[in-house]
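Following the working numbering from start to finish, the sequence shown increments by one per residue and tops out at 695.
Encoded as structure tokens, the structure appears first; notes follow it.
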Amino acid sequence: MALLPHEVGTIVEHMFNGMAYGKMLFENGQPSDFIYLYTNPAFETLTGLSGVVGRRVSDVIPGIRESDPLLFDIFGRVARGGKPEKFEIHVEALGAWFSITVYNPKLDHFVAVFEAITERKLAERNLLRANERLSLAQRTAGAGVWDWDIPNGTLTWSDELFHLFGLDPATAIASFDTWRSVVHPEDRQRAEDVILACIRDHVPLFNEYRIVLPTGEVRWVDAFGDTAYDTGGNAQRMTGICIDTTARKQAEAQIEFLAHHDHLTRLPNRFVAKERLKMAMAYADRANEYVALLFLDLDSFKAINDSLGHNMGDLLLVEVSRRLQACLRETDTVSRQGGDEFLIILTHIQDIDAVTGSAAKIVDALAAPCEIEGHALEVTVSVGIAIYPSDAQDTETLMQQADTAMYHAKGRGGNDYTFFSEQMNVARVAALAIRAELRQALAGGEFALHYQPQIDLVSGRVLGAEALLRWHSPKRGLVLPDEFVFIAEDCGLIVPIGDWVLQEACRQAALWQQAGLPELTIAVNLSAMQFRRGNLQQSVVQALSASGLAPALLELELTESILITEAEAALETVRNLRSLGIRFAIDDFGTGYSSLAYLKRFPIDKLKIAQTFVQDMDTNPEDAAIVHAIIQMARALGLRTVAEGIETADTVEHLLLHHCDEAQGRFLSSPLPADAFRHYVLAAMQPSVPNKVLT
Ligand code: C2E
Ligand code: MG
Ligand code: MG
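Below is the structure:
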């Protein structure tokens with residue numbers, strides 16, 4: 001410190017900056033090390049190094065030559081007589097940042113004055129990171145920042161905003177013209193108006209508009225902003241952000257679509273259909289036209305769904321919707337109501353004949369087999385039609401009527417269309433009333449069974465009886481099954497009613513056994529609904545165990561349609577029950593599908609030849625031939641035959657000739673109440689009583 005005046009030396013001793021004076025050593029002209037000649041107290045504080053004077057830096061901080069070559073370069077350069085240099089450096093060996101100024105007091109010597117700046121550096125870096133994060137956030141949010149100096153009319157945009165607009169921040173200019181050129185032409189005026197209105201009304205900005213990128217791509221943005229005013233109320237600046245909302249818009253559109261369309265077929269759903277129907281009706285009023293509402297239901301969809309799986313069912317529905325759309329005009333609407341039901345609205349109808357044409361076209365279009373994954377699926381449709389304003393004045397009623405008409409089309413075998421008529425309504429209203437009363441009938445004990453004898457055609461013996469349901473309605477008197485069974489099937493009531501029939505028939509048959517009558521088979525009719533909804537097997541087993549009737553004396557009558565439509569469920573139940581000894585007959589044979597395939601699959605005991613053939617066989621040779629063929633086939637398959645609905649002695653003769661096994665019909669006996677039936681059996685056992693079959 002002898003170099004310096006005392007006062008200066010004192011300053012050096014007390015200054016906040018660290019100071020080191022050193023001699024640089026060179027090897028082959030390159031700075032290789034230095035020796036500390038002097039350090040001030042602040043040096044120690046800032047570097048944490050002490051007792052360094054007289055020592056080599058490679059000694060004091062081993063490895064520094066390798067870890068911080070830059071420091072040596074600069075110190076060396078200055079020591080060799082260079083100009084003073086000021087720099088910021090991270091000294092790796094110390095793990096700290098320094099701002100250093102190096103001077104050259106004499107050749108190969110240096111004076112380094114430095115500050116520790118690690119904290120500042122960290123703060124700077126954090127700030128930088130925060131900025132980076134902010135801009136990253138803006139980028140990922142698709143948000144850009146804008147600032148509008150209103151008096152000067154200048155706009156400033158963040159890089160993100162340029163990017164959002166599909167522009168390059170290096171070449172494009174932030175201006176209202178640029179903005180206008182980006183905004184979708186259809187939204188331009190409105191977006192501008194919104195901005196001006198916000199400034200005028202002192203309200204925050206919310207603007208939603210489309211932009212068109214240079215690529216032609218259209219995107220949605222939301223702009224939010226706020227205006228600053230001077231004390232005189234003049235707008236000074238408006239600042240805000242702009243975000244890309246395209247993805248949200250698309251999601252919203254998707255949700256909107258799903259709310260109004262059926263996800264599978266992508267057709268409008270029932271809500272949309274109803275709206276369109278209302279609109280079509282309003283339009284028809286003005287134009288003096290008609291609207292036709294068609295209600296469609298596929299005829300054998302359930303069977304396909306059950307046998308081939310839901311996936312095939314779905315594909316089929318898609319194909320059906322495609323065909324329906326192909327049948328219609330742009331202005332018509334096809335909608336899926338759910339399941340296998342569709343609704344079609346035909347508009348601009350001037351003449352009802354046009355509706356007939358469209359309906360026929362639809363029925364035909366669906367009748368052609370659908371090729372789906374190698375299966376040729378046959379699906380037909382039943383269509384009910386109601387016309388506005390002739391049939392009804394409001395949507396609800398019109399839909400109701402089309403639905404009613406559809407049921408009529410289905411009831412007639414399907415694959416057809418039917419126009420609604422008032423009679424259908426009368427029938428519907430009557431059916432609804434019956435349905436309500438049926439709910440009470442079971443609890444009220446209004447049901448009874450009548451028993452129609454089944455006679456052995458050869459011996460004339462009574463073999464058993466068919467139990468036939470009777471409803472003694474307090475309001476209607478005696479009601480026959482044809483008037484109410486289909487209604488009970490429609491609403492599911494047939495399941496509890498059917499259970500009651502089983503219980504009652506078994507109970508009665510067991511009583512006759514106990515009363516000493518000969519062994520009599522009791523035949524009970526089953527409905528498809530009992531296979532579908534009820535637990536038929538359990539019901540049958542319960543009826544048998546509660547009554548104590550031998551299973552072999554119970555016979556269950558199935559229709560051909562049960563075997564076709566409920567094939568899988570029915571087959572298992574029938575097999576299980578048959579293994580208990582219960583017998584099965586097919587009712588009304590010849591009127592349905594009469595397929596040999598199911599006769600082979602199902603363990604059947606008997607065929608009941610349908611009344612229509614039996615009654616006409618005396619007069620119609622074709623019917624006689626059919627009866628003959630059925631009997632032949634049954635014999636070949638080892639099945640017994642029963643002829644139903646025999647009304648004349650001639651028919652009995654005829655059947656005997658054809659080797660029919662059993663007979664049932666009014667000619668022999670009408671269905672009888674239980675007690676009358678018992679008397680009938682007892683009387684038939686008396687040899688003195690003439691036997692209709694044998695005489
Ligand atoms: P079905 O099983 O074919 O029963 C034969 C029907 O023919 C009975 O009508 C019977 O009274 C009637 N019949 C008997 N002899 C003659 C005759 O000589 N000529 C004519 N024209 N008809 C005759 P019913 O009792 O009115 O029953 C009608 C249908 O209702 C039955 O036809 C059956 O399908 C159904 N049914 C009856 N009882 C039940 C039941 O408990 N459950 C279910 N699911 N259906 C039942
Ligand atoms: Mg029957
Ligand atoms: Mg029958």
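Glycine included, every Cβ here is placed at the ideal spot set by N, Cα and C.
Say yes only if the C-beta of residue i is nearer than 7 Å to one or more non-hydrogen atoms of ligand 3, and no if none qualify.
| i | result |
| --- | --- |
| residue 410 | no |
| residue 606 | no |
| residue 644 | yes |
I need the boundaries of the alpha helix (DSSP H) containing residue i, first residue and last residue.
| i | result |
| --- | --- |
| residue 696 | This structure leaves residue 696 out entirely; the chain is present only between 1 and 695. |
| residue 410 | 395 to 411 |
| residue 30 | Residue 30 -> not in any alpha helix (DSSP H); beta strand (DSSP E) instead, spanning 30 to 39. |
| residue 374 | Note, residue 374: premise wrong, no alpha helix (DSSP H); not H, not E. |
| residue 185 | 185 to 201 |
| residue 53 | Looking at the DSSP string, residue 53 is not in any alpha helix (DSSP H), and its letter there is neither H nor E. |
| residue 278 | 270 to 287 |
| residue 154 | Looking at the DSSP string, residue 154 is not in any alpha helix (DSSP H); the run it does join, the beta strand (DSSP E), is 154 to 157. |
| residue 453 | Where residue 453 is concerned, there is no enclosing alpha helix (DSSP H), although the beta strand (DSSP E) it sits in stretches over 447 to 456. |
| residue 294 | Element bounds for residue 294: not the alpha helix (DSSP H) but the beta strand (DSSP E), 290 to 298. |
| residue 77 | 69 to 79 |
| residue 357 | 352 to 367 |
| residue 306 | 301 to 308 |
Since residue i and residue j are thought to touch, with beta carbons under 8 Å apart, how far apart are those beta carbons, to the nearest angstrom?
| i | j | result |
| --- | --- | --- |
| residue 605 | residue 639 | 6 Å |
| residue 112 | residue 20 | 5 Å |
| residue 98 | residue 114 | 5 Å |
| residue 409 | residue 383 | 6 Å |
| residue 289 | residue 348 | 6 Å |
With respect to 7 Å, is the separation between the Cβ of residue i and the closest non-hydrogen atom of ligand 1 below this value?
| i | result |
| --- | --- |
| residue 434 | no |
| residue 665 | yes |
| residue 501 | yes |
| residue 590 | no |
Would you identify the three-state DSSP class for residue i, choosing helix, strand or coil?
| i | result |
| --- | --- |
| residue 525 | strand |
| residue 463 | strand |
| residue 538 | helix |
| residue 618 | coil |
| residue 106 | coil |
| residue 581 | coil |
| residue 670 | coil |
| residue 263 | coil |
| residue 126 | helix |
| residue 469 | strand |
| residue 225 | strand |
| residue 382 | strand |
May I ask whether a heavy atom of ligand 2 can be found less than 7 Å away from the beta carbon of residue i?
| i | result |
| --- | --- |
| residue 716 | This structure does not reach residue 716, given that the chain is present from 1 up to 695, and the question cannot be answered. |
| residue 555 | no |
| residue 466 | yes |
So the beta strand (DSSP E) residue i belongs to, where does it begin and stop?
| i | result |
| --- | --- |
| residue 660 | Careful: residue 660 lies outside any beta strand (DSSP E) and carries neither H nor E. |
| residue 18 | 18 to 27 |
| residue 330 | Careful: residue 330 lies outside any beta strand (DSSP E) and carries neither H nor E. |
| residue 564 | Element bounds for residue 564: not the beta strand (DSSP E) but the alpha helix (DSSP H), 560 to 565. |
| residue 207 | 205 to 212 |
| residue 238 | 235 to 244 |
Going by Cα to Cα distance, which pick from the options is closest to residue i?
| i | options | result |
| --- | --- | --- |
| residue 540 | 438, 507, 562, 226 | 507 |
| residue 361 | 415, 347, 308 | 415 |
| residue 535 | 629, 632, 10, 574 | 574 |
| residue 549 | 511, 432, 297, 105 | 511 |
| residue 635 | 261, 299, 607 | 607 |
| residue 44 | 304, 255, 14 | 14 |
| residue 407 | 620, 116, 297 | 297 |
| residue 9 | 31, 39, 25, 333 | 39 |
| residue 31 | 152, 48, 167, 77 | 77 |
| residue 365 | 424, 323, 71 | 323 |
| residue 459 | 308, 7, 652 | 652 |
| residue 188 | 614, 209, 668 | 209 |
| residue 391 | 258, 81, 294, 372 | 294 |
| residue 87 | 95, 80, 102, 93 | 102 |
| residue 569 | 307, 614, 396, 468 | 307 |
| residue 186 | 177, 218, 627, 197 | 218 |
| residue 685 | 633, 455, 253 | 455 |
| residue 131 | 643, 118, 160 | 160 |
Please indicate yes or no: does the CB of residue i lie closer than 7 Å to some heavy atom of ligand 5?
| i | result |
| --- | --- |
| residue 587 | Looking for ligand 5 in the displayed structure turns up nothing; the ligands present are ligand 1, ligand 2 and ligand 3. |
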